[in-house]
């Protein structure tokens with residue numbers, strides 16, 4: 001800005017500060033270059049003064065822009081005016097100007113516009129010459145110039161900024177030999193170990209350009225502890241976004257680069273970019289199936305969501321995901337009849353990235369703590385909910401249910417005791433003093449009521465936002481208030497009757513909803529039927545209530561009694577639509593088929609027969625049977641998916657409890673004091689200390705379960721590559737072996753049976769024509785690659801024989 005002001009006093013005031021980097025670039029141009037770019041006949045004098053000032057303070061006259069154009073070339077290629085010649089002569093006489101950059105661009109322009117100026121050939125190799133050779137010439141030209149530069153400057157090394165710029169240009173241009181030459185002095189035992197550190201953005205440049213050889217070399221020389229350098233800017237996401245789906249994956253350099261990166265243990269598979277998207281998210285979004293398969297095979301997390309809340313798994317193809325989940329079920333290659341025959345179920349794709357060793361910590365809350373998030377998305381998706389029966393998903397649900405079951409059944413027992421004792425107290429003891437067990441029922445009800453109050457308070461403190469948004473909690477609060485009023489206060493007889501009837505209904509509804517959460521097949525299915533039919537009935541009734549209201553008002557207008565007939569009994573008032581509220585209730589009763597047509601006075605008007613006939617047709621026949629048909633169809637659909645629905649109910653139940661604990665600041669505050677008995681992460685399967693990697697089941701030993709725990713290795717500190725399974729520990733699942741509940745045994749048997757069916761089908765597919773063709777294709781590809789390597793070796797051997805020296 002000071003240079004473009006063309007005021008040398010402004011510029012001089014700024015240059016007086018020694019902290020100023022005079023060759024700092026703005027949009028790849030230095031301040032001196034900007035002056036040569038802006039100069040014209042009108043501002044030539046003031047601009048020349050600023051140029052001389054910058055040169056006097058040490059500005060580099062040979063510093064080029066992004067296209068390797070030098071300031072002198074910019075000056076002389078735009079004309080041959082006298083003032084241009086004055087500036088040119090001043091620069092040539094007082095400073096070392098390189099006119100041979102960019103294939104002698106400046107030299108050719110000077111010869112054309114100023115033939116009388118004699119130019120000497122440049123023998124000194126400057127940094128600008130190296131950059132020019134690297135960008136605009138061949139790799140061999142750069143190597144020769146670099147060798148000459150080192151010969152002319154034996155004691156000097158390249159400035160750090162210039163060295164980093166040259167290395168970045170070499171990677172960007174794909175000149176591997178040049179890049180290797182620039183870092184050869186810092187390579188120790190095959191790794192880069194020196195100063196300065198490798199500049200950032202090298203791997204990103206390789207990924208953007210699909211330069212496979214350069215990427216392999218960089219990954220080889222980057223030290224093992226430089227995990228941040230490898231994972232900067234989410235390189236896997238950059239590669240996925242550039243893959244062309246229409247091209248062969250074996251010929252795509254970006255897919256090949258993905259394979260190379262994923263083979264490196266330092267890569268963070270679930271690295272997110274600025275949009276909070278992972279590589280798998282982009283692969284799903286752009287329907288790149290082979291990229292999805294590769295990422296899933298390397299343990300990519302299938303949960304998570306982007307900046308806009310779109311989850312990764314919601315758009316994933318269910319059949320492709322099912323194929324991958326099938327590949328997660330393996331065996332120990334023994335006969336099925338052996339005692340030690342084992343079915344192993346891998347859970348790597350459900351491990352949240354926050355628990356993986358290469359996770360990049362951020363200041364924002366972790367979006368991956370919710371282990372149930374991908375399974376909940378499956379349960380909500382009509383295409384994927386069938387996968388809830390898969391052994392991988394069932395294993396996770398079983399492990400979490402075994403952790404939750406003690407809390408769930410304790411709550412069920414306490415609520416059952418309260419419902420029974422409170423109902424007995426209200427029906428047989430409330431307002432009476434001659435009942436012998438009144439005190440006992442009252443005390444038990446008080447204890448149960450205190451438990452309900454304590455439970456609701458804990459739920460509110462655990463997760464206030466979730467608590468307020470749940471309608472079930474409002475029902476529970478109403479039950480607590482009304483039951484507390486009954487237990488703690490006495491009312492008059494009429495008020496007591498009203499309150500007692502309301503509280504009995506509330507207690508029954510609450511207990512029914514609680515029993516409906518039991519993850520047993522018949523109970524959960526019937527509860528879903530009840531909720532679904534009720535919800536659909538109310539939706540239909542909202543629209544059809546217009547017709548019912550119209551008939552109620554029509555009957556009130558047509559049949560209401562007049563004069564002395566209004567003094568008849570209550571029954572006649574109800575049957576003769578005496579008042580509007582009575583007419584509404586009467587029309588609802590008639591809607592169910594209870595007409596009592598004998599009490600309706602049709603003789604008042606001949607039109608009454610027509611209106612009543614219309615009511616019979618539209619309401620009693622059409623509307624009533626339509627709603628019954630909807631209920632039957634809903635019931636049939638629910639019964640057809642009864643097993644899936646039962647699992648879905650279990651998913652939502654586990655997710656409810658887990659979310660309450662996960663998001664609770666209250667639990668985290670008291671965690672230090674209650675850690676021995678209860679922890680906020682007590683339902684978590686994965687952690688950063690012991691990572692649950694797989695569950696092994698031995699079908700021939702009563703489905704005994706073993707948990708495979710892998711202790712994560714911090715690659716920031718490790719110096720050696722860890723082989724897969726090297727730190728795998730196997731511990732018995734105490735919950736699974738000790739639990740003798742029938743539901744657990746049935747569930748485990750189904751999981752194992754399903755897993756064995758997958759293994760059997762995979763073994764049968766091995767003999768199929770499709771499988772054999774795919775294996776032949778893989779062998780042919782490997783043979784072609786081996787032939788290429790052999791040709792290279794023969795060519796090198798032949799060259800060595802011709803030139804033995």
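Residue numbers (UniProt numbering): 1 to 805.
All residues carry an ideal CB built from backbone N, CA and C; glycine is no exception.
Please read these numbers as outputs of a predicted model, since none were measured by experiment.
Local Cβ density within 10 Å of residue i, reported as buried at 16 or more and exposed below that
{"i": "residue 807", "result": "Examination of residue 807 is not possible in this model, given that the chain is present from 1 through 805 alone."}
{"i": "residue 385", "result": "buried"}
{"i": "residue 511", "result": "buried"}
{"i": "residue 336", "result": "exposed"}
{"i": "residue 29", "result": "buried"}
{"i": "residue 18", "result": "exposed"}
{"i": "residue 546", "result": "exposed"}
{"i": "residue 60", "result": "buried"}
{"i": "residue 443", "result": "exposed"}
{"i": "residue 86", "result": "exposed"}
{"i": "residue 626", "result": "exposed"}
{"i": "residue 812", "result": "What is shown of the chain runs 1 to 805, which leaves residue 812 out entirely."}
{"i": "residue 274", "result": "exposed"}
{"i": "residue 41", "result": "exposed"}
{"i": "residue 459", "result": "buried"}
Neighbourhood of residue i by C-beta, 7 angstroms cutoff - its chain only, sequence neighbours within 5 removed
{"i": "residue 146", "result": "130 and 181"}
{"i": "residue 235", "result": "203, 204, 207 and 261"}
{"i": "residue 272", "result": "234 and 278"}
{"i": "residue 725", "result": "Its pLDDT being 36, under 50, residue 725 is placed unreliably in this model, and the coordinates cannot settle the point."}
Residue-chain proximity (residue i, chain B), Cβ-Cβ < 8 angstroms
{"i": "residue 80", "result": "Here there is only one protein chain, and chain B is not present."}
Proximity of residue i and residue j at Cβ, strictly below 8 angstroms
{"i": "residue 577", "j": "residue 555", "result": "yes"}
{"i": "residue 380", "j": "residue 654", "result": "no"}
{"i": "residue 101", "j": "residue 132", "result": "yes"}
{"i": "residue 75", "j": "residue 36", "result": "yes"}
{"i": "residue 341", "j": "residue 753", "result": "no"}
{"i": "residue 249", "j": "residue 281", "result": "no"}
{"i": "residue 119", "j": "residue 99", "result": "yes"}
{"i": "residue 135", "j": "residue 158", "result": "no"}
{"i": "residue 303", "j": "residue 348", "result": "no"}
{"i": "residue 651", "j": "residue 372", "result": "yes"}
{"i": "residue 392", "j": "residue 351", "result": "no"}
{"i": "residue 525", "j": "residue 638", "result": "yes"}
{"i": "residue 475", "j": "residue 506", "result": "yes"}
{"i": "residue 389", "j": "residue 644", "result": "yes"}
{"i": "residue 66", "j": "residue 31", "result": "no"}
{"i": "residue 125", "j": "residue 103", "result": "no"}
Residue span of the beta strand (DSSP E) that contains residue i, given as start and end
{"i": "residue 329", "result": "329–331"}
{"i": "residue 345", "result": "343–346"}
Contacting residues, own chain, Cβ-Cβ under 8 angstroms from residue i (five flanking each side not counted)
{"i": "residue 217", "result": "176, 179 and 180"}
{"i": "residue 16", "result": "none"}
{"i": "residue 365", "result": "The predicted position of residue 365 is uncertain, since its pLDDT is 45 and thus under 50; a value taken from the coordinates is nonetheless stated next. So the list is empty, once near-sequence residues are dropped."}
{"i": "residue 543", "result": "none"}
{"i": "residue 449", "result": "418, 422, 480, 483, 484 and 487"}
{"i": "residue 731", "result": "Here the model assigns residue 731 a pLDDT of 48, short of 50, so the residue's position is not dependable, and the following value carries that caveat. Counting only Cβ-Cβ distances below 8 angstroms, and skipping sequence neighbours, we find 706, 707 and 709."}
{"i": "residue 430", "result": "486, 496 and 500"}
{"i": "residue 200", "result": "229 and 232"}
{"i": "residue 167", "result": "179, 182, 183, 198, 199 and 202"}
{"i": "residue 223", "result": "191, 192 and 193"}
Where the alpha helix (DSSP H) through residue i begins and ends
{"i": "residue 276", "result": "From DSSP, residue 276 is part of no alpha helix (DSSP H); its letter is neither H nor E."}
{"i": "residue 423", "result": "391–424"}
{"i": "residue 495", "result": "493–516"}
{"i": "residue 83", "result": "82–94"}
{"i": "residue 47", "result": "44–56"}
{"i": "residue 151", "result": "139–152"}
{"i": "residue 635", "result": "624–640"}
{"i": "residue 79", "result": "Segment: none, residue 79 is in no alpha helix (DSSP H) and carries neither H nor E."}
{"i": "residue 596", "result": "Counting along the chain, residue 596 falls outside any alpha helix (DSSP H), and DSSP gives it neither H nor E."}
{"i": "residue 702", "result": "Per DSSP, residue 702 belongs to no alpha helix (DSSP H) and is neither H nor E."}
{"i": "residue 378", "result": "373–380"}
Close-in-space but distant-in-sequence residues of the same chain around residue i (CB under 6 angstroms, 5 per side omitted)
{"i": "residue 631", "result": "533"}
{"i": "residue 162", "result": "127"}
{"i": "residue 516", "result": "527"}
Inset, instruction - Could I get the ranges of all uninterrupted alpha helix (DSSP H) runs contained in the stretch 280–344, with 4 residues as the minimum, in chain order? - result: 289–297 and 318–327
Legend entry - Every unbroken beta strand (DSSP E) within the stretch 188–241, with a cutoff of 3 residues, ordered by chain: none
Inset, instruction - Please list the segments of the alpha helix (DSSP H) lying wholly inside the stretch 13–45, counting only runs of 4 or more residues, in order along the chain. - result: 31–38
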